[in-house]
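A.B. asks: Before I ask anything, let me first share the structure, which is written out below as structure tokens.
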Amino acid sequence: MAKRTFSIGGVHPHDAKIARDCAIEVLPLPQTVYISMAQHLGAPAKPIVAVGDKVKVGQVIAEPGGFISAFVHSSVSGTVKSIAPRKDISGNFMTHVEIAVEGDEWVDGVDLSDTLITKIPEREVALERIKACGVVGLGGATFPTHVKLNPGPNAKPECLILNGAECEPYLTSDFRILLERTKEIVVGAAIMKNILGPECKCVIGIEENKPEAIKAVEEAVVVLGYQDIEVMTLKKKYPQGGEKQLIDAVMKRQVKSGGLPISVGAVVQNVATALAVYEAVQKNKPLITNTLTITGDCVAKENLHNYLFRIGMPLSYIAEYAGGIPEGAAKLISGGPMMGKAIANLDACTVKGSSSILYLSAKSTKRLEASACIRCGRCASACPMGLEPFLLNRLAKAGDMEQLEANAVQDCISCGSCQFSCPANIALLDRINIAKGQVLGIIRARAAAAKAAAEAAKSNEAK
Amino acid sequence: MTQTFFWTILILAGLGLVLALVLFFIAKKFKVEEDPRIDEVEKVMPGANCGGCGFAGCRAFADAAVKAPNLDNNYCPVGGNEVMKKVASILGYEVKEKAPMVAVVRCNGTCDKRPKTNDYDGLASCKVKAALYAGDTGCAYGCLGCGDCVEACQFGAISMDPATGLPVVDEEKCTACGACSKACPKHVIEIRNKGPRSMRLYVSCINKDKGPVAKKACASACIGCGICAKTCTHDAITITDNVAYIDFTKCKLCRECEAMCPTEAIHGVNFPKPLDKEGIKARIAERNRKAKEAAEAAKAAAAEAAAKEAEPVKKEENNG
Amino acid sequence: MSKYLVSPSPHVHAPASTKSLMIDVLLALMPAVIVSVIFYGWGELMVLGVSIVSCVLLEWAITKWLLKKPCTIADHSAIVTAVLLAMNLPATTPWWVVLIGAIVAIGVAKMTFGGIGQNPFNPALVGRVFLLLSFPTYMTHWEAPKGLWGVDATTGATPLGVIKEGLMQGSTVQDLMAEHGYSYSQMLFANLGGSAGEISALALLAGFVYLVCRRVIKPHITLSIWATVFVFSGIMWLVNPAQFTDPIFNLLTGGMILGSCFMATDYVTSPMSTKGGIIFGAGIGLIAMLIRYFGAYPEGVSFAILIMNMTVPLLNKWCHQKKYGRA
Chain A
1 MAKRTFSIGG VHPHDAKIAR DCAIEVLPLP QTVYISMAQH LGAPAKPIVA VGDKVKVGQV
61 IAEPGGFISA FVHSSVSGTV KSIAPRKDIS GNFMTHVEIA VEGDEWVDGV DLSDTLITKI
121 PEREVALERI KACGVVGLGG ATFPTHVKLN PGPNAKPECL ILNGAECEPY LTSDFRILLE
181 RTKEIVVGAA IMKNILGPEC KCVIGIEENK PEAIKAVEEA VVVLGYQDIE VMTLKKKYPQ
241 GGEKQLIDAV MKRQVKSGGL PISVGAVVQN VATALAVYEA VQKNKPLITN TLTITGDCVA
301 KENLHNYLFR IGMPLSYIAE YAGGIPEGAA KLISGGPMMG KAIANLDACT VKGSSSILYL
361 SAKSTKRLEA SACIRCGRCA SACPMGLEPF LLNRLAKAGD MEQLEANAVQ DCISCGSCQF
421 SCPANIALLD RINIAKGQVL GIIRARAAAA KAAAEAAKSN EAK
Chain B
1 MTQTFFWTIL ILAGLGLVLA LVLFFIAKKF KVEEDPRIDE VEKVMPGANC GGCGFAGCRA
61 FADAAVKAPN LDNNYCPVGG NEVMKKVASI LGYEVKEKAP MVAVVRCNGT CDKRPKTNDY
121 DGLASCKVKA ALYAGDTGCA YGCLGCGDCV EACQFGAISM DPATGLPVVD EEKCTACGAC
181 SKACPKHVIE IRNKGPRSMR LYVSCINKDK GPVAKKACAS ACIGCGICAK TCTHDAITIT
241 DNVAYIDFTK CKLCRECEAM CPTEAIHGVN FPKPLDKEGI KARIAERNRK AKEAAEAAKA
301 AAAEAAAKEA EPVKKEENNG
Chain C
1 MSKYLVSPSP HVHAPASTKS LMIDVLLALM PAVIVSVIFY GWGELMVLGV SIVSCVLLEW
61 AITKWLLKKP CTIADHSAIV TAVLLAMNLP ATTPWWVVLI GAIVAIGVAK MTFGGIGQNP
121 FNPALVGRVF LLLSFPTYMT HWEAPKGLWG VDATTGATPL GVIKEGLMQG STVQDLMAEH
181 GYSYSQMLFA NLGGSAGEIS ALALLAGFVY LVCRRVIKPH ITLSIWATVF VFSGIMWLVN
241 PAQFTDPIFN LLTGGMILGS CFMATDYVTS PMSTKGGIIF GAGIGLIAML IRYFGAYPEG
301 VSFAILIMNM TVPLLNKWCH QKKYGRA
């Protein structure tokens, strides 16, 4: 079958999966962990433990702070030392629960064995366990998974797409779990498919630069007997792993501007999320671990690693354990080089969605001085949403919100393809992102006003 | 030949006449009836179209001023009282005079006082930087130094001082339109009373962190210790969220707070004499001593009075 | 902790830069430059040299003293303009005419609008057209120069000029072609009179293929021009082969290849979208052919490109690429 990919734009950064052969190692526990209350999209969780409390591994320490929110569990056993603001990787304060590690005692009811459990529980049971175990999307957005898997009675999920594209250069954590935890991921996919309903099919999309993973998953699907799970080889192109792009590639459908994937019958979940779902549903194990890659162009070969970490571990602790910050590192990044976040504070701690510590040298990451736009149109050719970044940048400079909205700045997925490909080194995305935020604010305000007006009219009618 | 001239002139003249008529009727048909006072008001406006008044430009302001029943809600900060008087005379309204204002940068974190913790490498825009992270110093509240305020100022009144990395306001050029204040994502710039002979006192810090954290980030941060509030005899200083704020309507410019501030976060500007820290401290100490004495005396007096009051009761008791 | 960089994403950048793109264009022009130097010899080298030196110096001087902006000569765009200008001039052009052309191209057409990226018209073409209108004798003076190694170029006027002239005197196309012995292979490989860039279609095409393969340009504008020229002149030729030249002749002669491959595809002065580019190309092809068939000048590609340059802002406004999830 011909390899598929998304239809508009895209770029081809050097994939640099240099840590692909490093098997996943388990990080030892630090003396103290700091668990953030904002590890997911939506409202921060509310701590329910007090200073001095003894906690076990897997114990709930915070409850959801809203409908779109998630449980947070302790990743270690020990004593709660403080519940106080602490700086995250951006240097902004967020409430963290500080726990001094004592031993490694798990809460009751967690299956810590390696036995593969293939019997899939009923929909409601599985959904409840996913919620109770604090599972969130691990593809980057950390959207609470139980919300996404429960799209409401009117939605018709037709296809569950498992995202194994890992299109970000350098990152190899998804690749490693696809190799090492293949069966668990496939069972996780089957669980989610079962939740979404009998009509829903399932496609696991993996980019062509990971042939070992494709082979492993294909074999596992056969061995486990899930004939209705399809493994799809995708062309290597960034941003293949973008939700909208993946839907376009796999289903050849496009989500309407401002719409949700479910509007075209798609539900996209990351492979790491599938693993978390498996552990939550089959093993009753909360989401307190994830895989992260230590990589970068200035990292010595022996210091490349893929680690299984527990949430709340300080990044500085992990960096130290992995051989320290390499010489020549100019920028530290959490996530991939295209969409990752630069680390401003290495004392910050891992969260559920952490995927890497990426060290880049000045040569590859230091921005070059911007020159005049030569109207080459490369940004527009690269944009996977079909936008015209050169125009948006100009409009953003002028602050023309009306035209920005007319030219669909709100559709931008901040993938960075435009800025990546600009030969004049113009900071297109920097400015477009700000404009996008402003326009989205205007759109939301307008929607709220319209809603209020409609309600007012309704109540008037009622009178 | 003459015929050619004749026809040329005739045709051109005829064409001119027809077009003039067309223009005349179009002008007549599409004429917008407008209050002539709008034009008059617009004429006396500064014409900067800065938007400092809250309207899109000077004409919009003029339009609003003419339509409003009074001038209470319309004030041109750029033109100030002078222009508003003219506007008032055109419209026959009363104008409430406002004290002249000026933009004040409430951050004092110069390069040497506020050490950098990382190097910002993105677009030189405070908005972008603020959206990304807490900033390239330990202080998450202070000036980001990318100069959005400089860009916002239409009067060339703000410039970045390369030595300190902070913006400097040229008081002569500043019209207090507030564009810089709006442009600053950290809300570092405040529009304050210019003060008598431009003398004013303000807290040059908005760091809301607790004392030790703020102090660690910046040597001249306001640590919210409250000494200034205790010192102030005019009740002008309040502390909210670990930051002191001087209410310029109450401040009497005595500079006592400035002298007492342990981190030099309170700035006095345009005072004729340099701050006599020791003198003021001695004065405050003297006052405090007197106040203490007075308080003790009062206490003693009160005790005496109480004793005296108690005596008759005893007598009464005795009597009883 | 020592100080690390912090910036918004993306944290990496593609290797292409304005400079590398300009160098690619220069590399693509090299085959044609070499062929023209072989055929036209020292004269051509002089034109190239004067053009490059004056363009670069002019841009440097203007940015330094007039605009007081950072100097932009390092991006090599002035050299590209200079080479294209030289390719548009006969090898016999005196040095001072080349200098005037450079002043018009860089000084007027490029820097008055604010330098690279801002000019509405292709600078090299503005320079050429200015010279064509101001010094028509020099610009259409196709003497047979001695080649570098004794290779002789054909004497006399360009095929287009010969045919225009002949048609006006009442000959037919067939007669003229036969009389002058024009053949397609001659046009393709070299050896017909004209400006340096008109001499070898094959060398120019090699450069075009290089640019497309390196993804420096997309081929749609060029292909659109060719298709329009082919279809339009094909129809006219079928209608009256005695009066109208055939499509292949029109594609291979004059500035058609140079214009369609290197001038019309200039980033700054061509539309951003593919759709816009196709309309742009069709416009150029049509106008060029109209001028060739019915105009006073034998060649119309330069005028056609300049005229279509004017429509670029409109085309950019009208033509957008397809957006994801929007009709």
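Protein chains in written order, with our numbering: chain A, 1 to 463; chain B, 1 to 320; chain C, 1 to 327.
Glycine included, every Cβ here is placed at the ideal spot set by N, Cα and C.
All figures in this text were calculated on a predicted structure; none of them were measured in a lab.
If contacts are defined as beta-carbon pairs under 8 Å, then A:G312 and A:T350 qualify, I think. What distance do you get, rounded to the angstrom?
C.D. replies: Locating residue 312 of chain A in the first sequence gives position 312, where the first residue counts as 1. Locating residue 350 of chain A in the first sequence gives position 350, where the first residue counts as 1. 7 Å between Cβ atoms; contact.
A.B. asks: Starting from B:D119, trace the beta strand (DSSP E) in both directions and tell me its first and last residue.
C.D. replies: As a first step, residue 119 of chain B is located in the second sequence; it is residue number 119 there, counting from the start. Per DSSP, the continuous beta strand (DSSP E) segment holding B:D119 begins and ends at N118 to Y120.
A.B. asks: Between which residues of its own chain and B:D119 is the CB-CB distance below 8 Å, once the five residues before and five after are set aside?
C.D. replies: Here residue 119 of chain B refers to the residue found at position 119 of the second sequence. So the qualifying residues of the chain are D136.
A.B. asks: Is the shortest distance between the beta-carbon of B:G54 and the beta-carbons of chain A less than 7 Å?
C.D. replies: Numbered from its first residue, the second sequence carries residue 54 of chain B at position 54. Not an interface residue.
A.B. asks: From this set, C:M289, C:M87, C:L176 and C:H320, which residue's C-alpha is nearest C:V33's C-alpha?
C.D. replies: Residue mapping note: residue 33 of chain C aligns to position 33 of the third sequence, counting from 1. Out of C:M289, C:M87, C:L176 and C:H320, C:M87 has the C-alpha closest to the C-alpha of C:V33.
A.B. asks: If distances are taken between C-alpha atoms only, which option among C:W96, C:K19, C:V56 and C:I225 comes closest to C:V47?
C.D. replies: Numbered from its first residue, the third sequence carries residue 47 of chain C at position 47. Nearest option by C-alpha distance: C:W96.
A.B. asks: From what residue to what residue does the alpha helix (DSSP H) around A:E105 run?
C.D. replies: Here residue 105 of chain A is taken as the residue at index 105 of the first sequence, counted from 1. Note, A:E105: premise wrong, no alpha helix (DSSP H); not H, not E.
A.B. asks: What do you get for A:T142, buried or exposed, if any count of 16 or more other CB atoms within 10 angstroms of its CB means buried?
C.D. replies: Sequence index remark: in the first sequence, residue 142 of chain A carries index 142 (1-based). So A:T142 counts as buried.
A.B. asks: I need the boundaries of the alpha helix (DSSP H) containing A:I262, first residue and last residue.
C.D. replies: The residue given as residue 262 of chain A occupies position 262 in the first sequence. Run containing A:I262: none; DSSP gives neither H nor E here.
A.B. asks: Can you find a C-beta in chain C that's less than 7 Å from the C-beta of B:L132?
C.D. replies: Counting from 1 along the second sequence, the entry for residue 132 of chain B is found at position 132. Judged by the 7 Å Cβ criterion, B:L132 is in contact with chain C.
A.B. asks: Does the CB of B:L121 have a neighbour CB from chain A at under 7 Å?
C.D. replies: For the purposes of this step, residue 121 of chain B is taken as residue 121 along the second sequence, with counting starting at 1. For clarity, residue 121 of chain B is Asp in the given sequence; the question names Leu instead. Output row for B:D121: interface = yes.
A.B. asks: Taking the alpha-carbon positions, what's the C:H76 to C:K19 distance?
C.D. replies: Against the third sequence, residue 76 of chain C aligns to sequence position 76. Against the third sequence, residue 19 of chain C aligns to sequence position 19. About 6 Å.
A.B. asks: Check whether the Cβ of A:F93 lies closer than 7 Å to any Cβ atom in chain C.
C.D. replies: As a working note, residue 93 of chain A is residue 93 in the first sequence. Chain C, which has no Cβ nearer than 7 Å to the Cβ of A:F93, makes this no.
A.B. asks: When you compare the CB of A:Q254 with every CB in chain C, is at least one pair closer than 7 Å?
C.D. replies: The count along the first sequence starts at 1 and reaches residue 254 of chain A at position 254. Taking Cβ atoms only, chain C reaches closer than 7 Å to A:Q254, which makes this a yes.
A.B. asks: Quick one: list the residues of chain B neighbouring C:Y4, beta-carbon separation under 8 Å, in chain order.
C.D. replies: Within the third sequence, residue 4 of chain C is the residue found at index 4, counting from 1. N118 and D119, listed in chain order.
A.B. asks: Quick one: residues in its chain with C-beta nearer than 7 Å to the C-beta of A:V299, no 5 flanking neighbours on either side, listed in chain order?
C.D. replies: The residue labelled residue 299 of chain A in the question sits at position 299 within the first sequence. Cβ within range, chain order: P326 and Y359.
A.B. asks: Please tell me whether B:K321 has its Cβ less than 7 Å away from any Cβ of chain A.
C.D. replies: Because chain B spans 1 through 320 in this model, residue 321 of chain B falls outside it and cannot be assessed.
A.B. asks: I'd like to know if the segment 371–379 of chain A and the segment 335–353 of chain A are in contact, where contact means that at least 3 CB-CB pairs between them fall below 8 Å.
C.D. replies: no
A.B. asks: What does B:G135 touch in chain A if you count any residue whose Cβ is under 9 Å from its own?
C.D. replies: Indexing the second sequence from 1 puts residue 135 of chain B at position 135. Near B:G135 (Cβ distances below 9 Å), the residues of chain A are G91 and A344.
A.B. asks: Of all the CB atoms in chain B, is at least one closer than 7 Å to the CB of A:I262?
C.D. replies: If you number the first sequence from 1, residue 262 of chain A lands on position 262. At a cut-off of 7 Å, the C-beta of A:I262 has no neighbouring C-beta in chain B.
A.B. asks: Taking a cut of 8 Å between CB atoms, which residues from the segment 318–331 of chain A lie near chain B?
C.D. replies: Within the segment 318–331 of chain A, K331 place their CB atoms closer than 8 Å to a CB of chain B, listed in sequence order.
A.B. asks: Take C:I23 and list the residues in its own chain whose beta-carbon comes closer than 7 Å to its own, dropping the five residues that flank it on each side.
C.D. replies: In the third sequence, counting from the first residue as 1, residue 23 of chain C sits at position 23. Cβ neighbours of C:I23 beyond the five flanking positions: H76.
A.B. asks: Anything in chain C within Cβ reach of A:I419, meaning under 8 Å, just list it in chain order.
C.D. replies: Taking the first sequence and counting its residues from 1, one reaches residue 419 of chain A at position 419. Per the sequence shown, the amino acid found at residue 419 of chain A is Gln instead of Ile. Under the 8 Å cutoff, chain C gives P10 and H13.
A.B. asks: Runs of 3 residues minimum, wholly inside the segment 81–126 of chain B: which ones carry the beta strand (DSSP E) assignment?
C.D. replies: 101–105 and 118–120
A.B. asks: Mapping the DSSP letters down to three states, classify B:R37 as helix, strand or coil.
C.D. replies: As a working note, residue 37 of chain B is residue 37 in the second sequence. In the structure shown, B:R37 falls within a helical segment according to DSSP collapsed to helix, strand and coil.
A.B. asks: By the 10 Å Cβ neighbour count, where 16 or more other Cβ atoms means buried, how is B:V371 classified, buried or exposed?
C.D. replies: With chain B running from 1 to 320 in the structure shown, residue 371 of chain B is simply not present.
A.B. asks: Evaluate the contact criterion for the segment 60–77 of chain A versus the segment 29–46 of chain A: three or more CB pairs, one atom per stretch, below 8 Å.
C.D. replies: yes
A.B. asks: So B:R255 and B:F271 are supposed to be a Cβ contact under 8 Å. How far apart are they, rounded?
C.D. replies: Within the second sequence, residue 255 of chain B is the residue found at index 255, counting from 1. Within the second sequence, residue 271 of chain B is the residue found at index 271, counting from 1. Separation of the CB atoms of B:R255 and B:F271 is rounded to 7 Å, and the pair is thereby assigned contact status at 8 Å.
A.B. asks: Taking just the CA atoms, how far does C:V312 sit from C:G150?
C.D. replies: Start at 1 with the first residue of the third sequence, and residue 150 of chain C comes out as number 150. Start at 1 with the first residue of the third sequence, and residue 312 of chain C comes out as number 312. Low confidence applies to C:G150: its pLDDT is 49, below 50, so where it sits in the model is not reliable, and the reading given next is rough at best. So the alpha carbons of these two residues sit roughly 44 Å apart.
A.B. asks: Using a Cβ-Cβ distance cut-off of 7 Å, determine whether A:I434 contacts chain B.
C.D. replies: One-based indexing of the first sequence puts residue 434 of chain A at position 434. Chain B contact via Cβ: present.
A.B. asks: May I ask you to list, following chain order, the residues of the segment 299–325 of chain C that have a beta carbon less than 7 Å from some beta carbon of chain A?
C.D. replies: H320, Q321, K322, K323, Y324 and G325
A.B. asks: Buried or exposed for A:I185, going by 16 or more other Cβ atoms inside 10 Å?
C.D. replies: As a first step, residue 185 of chain A is located in the first sequence; it is residue number 185 there, counting from the start. The residue is buried, with at least 16 neighbouring Cβ atoms inside 10 Å.
A.B. asks: Is the CB of C:S7 under 7 Å away from at least one CB in chain A?
C.D. replies: Within the third sequence, numbered from 1, the residue matching residue 7 of chain C stands at position 7. By this cut-off, C:S7 is an interface position.
A.B. asks: If you run the structure through DSSP and keep just helix, strand and coil, what is C:A16?
C.D. replies: In the third sequence, the residue the question calls residue 16 of chain C occupies position 16. In the three-state reduction of the DSSP assignment, C:A16 falls in the coil class, being assigned neither a helical nor a strand state.
A.B. asks: Please go through the same chain and pick out, in chain order, the residues whose beta-carbon is closer than 7 Å to the beta-carbon of C:I73, but skip the five residues on each side of it.
C.D. replies: As a working note, residue 73 of chain C is residue 73 in the third sequence. V56, E59 and W60, listed in sequence order.
A.B. asks: Report the residue from A:S316, A:V57 and A:C418 whose alpha carbon sits nearest the alpha carbon of A:A100.
C.D. replies: For the purposes of this step, residue 100 of chain A is taken as the residue at position 100 of the first sequence. Of A:S316, A:V57 and A:C418, the residue nearest in Cα terms is A:V57.
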